[in-house]
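Each number in my numbering comes from the position in the sequence shown (counting from 1) with 6 added on. Have a look at the structure below, then the notes.
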Amino acid sequence: MLSFARSFVSDAGVYAASSLAHAFEVNTLNIPPAKPLPGRQKEVPYVVVGDAAFGMKEHFIRLFRRGT
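Set out below in structure tokens:
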């Protein structure tokens, strides 16, 4: 969490206000379309692996946590 004066901006807030977030929303990053993995039929999208700050979007996934 970042602190600016008397307010706090979460990681999600920093990302949401970034040019990267905007580029994902308007699709200007030239991410290739989904395609099948080798030897498979089902199309799989390209993704970015992140944490909970990114939320669940089309091109973002979170790591699976084993146990707690």
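Ideal Cβ positions, reconstructed from N, Cα and C, are used throughout, including at glycine.
| said: Taking only three categories from DSSP, how would you classify Gly1? | reply: Beyond the ends of the chain as shown, which are 7 and 74, falls residue 1; an answer cannot be given.
| The beta strand (DSSP E) spanning Phe66 covers which residue range? | What you label residue 66 is simply residue 60 of the sequence shown in a count that begins at 1. It spans 66 to 68 - the beta strand (DSSP E) in which Phe66 sits, taken as one unbroken run.
| field | Span of the alpha helix (DSSP H), counted from its first residue to its last, around Val1 | value | This structure does not reach residue 1, given that the chain is present from 7 up to 74, and the question cannot be answered.
| request: State yes or no: is the C-beta of Phe70 within less than 7 angstroms of the C-beta of Gly56? | output: As a first step, residue 70 must be located in the sequence shown, where it is residue number 64. As a first step, residue 56 must be located in the sequence shown, where it is residue number 50. 7 angstroms or more divides the Cβ of Phe70 from the Cβ of Gly56.
| task | Using a threshold of 7 angstroms, state whether the C-beta atoms of Ala58 and Pro51 are closer than that. | result | Looking up residue 58 in the sequence shown gives position 52. Looking up residue 51 in the sequence shown gives position 45. Contact: no.
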